[in-house]
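Residue numbers (this note's numbering): 237 to 746. Every residue, glycine too, gets a C-beta built ideally from N, C-alpha and C. Since the structure is predicted, the reported quantities are computational estimates derived from the model, not experimental observations. What follows is a single structure, written as structure tokens, with notes after it.
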Ligand code: C2O
Ligand code: CU
């Protein structure tokens, strides 16, 4: 036991009509009124323990902010996490996926609608669903042991939340190294007042792949942790000037674009001259991608779902978890869409075809990859999403610590796993402007992600994002409004780092 006194928190049902049920009760006193409509098995219906003095994930504060999002029509989805074979385009692997597809079936709603998604767990392991980038009600966030008990094998769990902000988001499990299997899908929230004009829209999901080819993410994680292997056997592919050091810790044998190997690429088709919106998502476990389209410049319109003032670039860098939306006016011909594994060997690959001609080979490296690579400092938020100027009420310093020698990572020298987060909540208060100083003293870059909020990078006039690359021996401040009560994870989106301790959580005080 920690010195903090704690009480048991039981989940209240999320379904309409049960919103008035209280989530908290006294220690040992089971509340007969509390049940979850989809907690089919007893394994997923267990309680949560949260420290006294903090908002509970389905507490009154959370429900009141959710009501303020004016929940609209309910859209229902069902995702089955399943183990089985998936064809990556000539290579059939044994892996875990949603509904046997990689990426999983997309979820698409209009801003203001309510996502009601039932996750069916047919995996041989506990799992959860996390809705990356969405400022949602805390009890739908999918952080195991913090916002919900993990979903047991054979059980199901229904997530229900209002998707208030339009944009490109994605979903993945928040359990173990499952993210580095095939468990991911996009979540697109359409803007009923969309102002961007385009003829076509393509979603491009990038991934690094090892599952079923070079062990499993679990075996790779165990190897890294056992050996403190670092950049020996697993990594060591090279280093990246842009990242300031090694690209990653793991040598993934393959890279995928929309679940396909370069030898059997996805082909996007359009008319020459058409304007296409590309929604780029990096769903990988340990790889940053440098993305470019041969022969074309791209106009960046959004990052991490939020609009920016349009800016042109040749190439983009996407750390794990990051998204960019770009608009491109297409030439006549066949063009390679290449996502180089930054500081590693290989690339994900796709084709854009607007006319006749033979396809460039997967090994092609268009000149645009070496052209202008847009940086955060060139991005400005669209006026509507710019944070107002305000002095921070709290400055929280988070040093990114650890290394590959012991293969232990952490914030401020403390490695934490999900089951320990509730004991080490970093307190914040609703209404505060928080400045988070991310100080990287490690010889490794880290894509740092905050749940439930979209911060401004650098200053209040910086672009709004939820995931930000902190380069080797660099530091970066992000600012956010504490406007979404609950318990929220902050972690490195390198899944091997996160699972080796680079995880923390903020807790709103009551
Ligand atoms: Cu995509 Cu906790 O993250
Ligand atoms: Cu990291």
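Assignment of residue 408 by DSSP, reduced to helix, strand and coil, places it in the strand class. In this model, residue 516 and residue 675 are separated by some 27 Å (Cα to Cα).
Separation of residue 706 and residue 728 (C-alpha to C-alpha, rounded to the nearest whole angstrom) is 10 Å. The nearest non-hydrogen atom of the ligand CU is 7 Å or more from the C-beta of residue 634. For the ligand C2O, the residues with a Cβ under 6 Å from any of its heavy atoms are, in chain order, 366, 368, 408, 410, 557, 685, 687, 725, 727 and 729. Annotation for residue 445 indicates a beta carbon at 7 Å or more from all heavy atoms of the ligand CU. Per DSSP, the continuous alpha helix (DSSP H) segment holding residue 732 begins and ends at 731-734. The shortest CA-to-CA distance from residue 376 to any of 565, 352 and 567 is the one to 352. Taking 3 residues as the minimum length, the beta strand (DSSP E) runs contained wholly in the region 690-740 are 691-693, 703-706, 711-717 and 723-728, in order along the chain. By the 16-neighbour rule on beta-carbons within 10 angstroms, residue 385 is buried. The C-alpha of residue 480 is placed about 18 Å away from the C-alpha of residue 487.
Between the alpha carbons of residue 492 and residue 337 lies a gap of roughly 13 Å. Taking one beta carbon from each stretch, the region 685-703 and the region 537-544 have 3 or more pairs nearer than 8 Å; the two touch. For the beta strand (DSSP E) assignment, the uninterrupted runs of no fewer than 3 residues enclosed by the region 429-490 are, from N- to C-terminal side, 436-445. Ranked by how close their Cα comes to the Cα of residue 620, the residues 429, 423 and 404 have 429 in first place.
Residue 417 is positioned such that its CB atom lies no closer than 8 Å to that of residue 380.
The three-state secondary structure of residue 362, taken from DSSP, is coil. For residue 645, the distance from the CB to the nearest heavy atom of the ligand CU is below 7 Å. Counting every other CB atom within 10 Å of its CB across the protein chains shown gives residue 568 a total below 16, marking it as exposed.
Taking non-hydrogen atoms of the ligand CU into account, the C-beta of residue 733 is found less than 7 Å away from one of them. For the alpha helix (DSSP H) assignment, the region 643-668 encloses no uninterrupted run of at least 4 residues.
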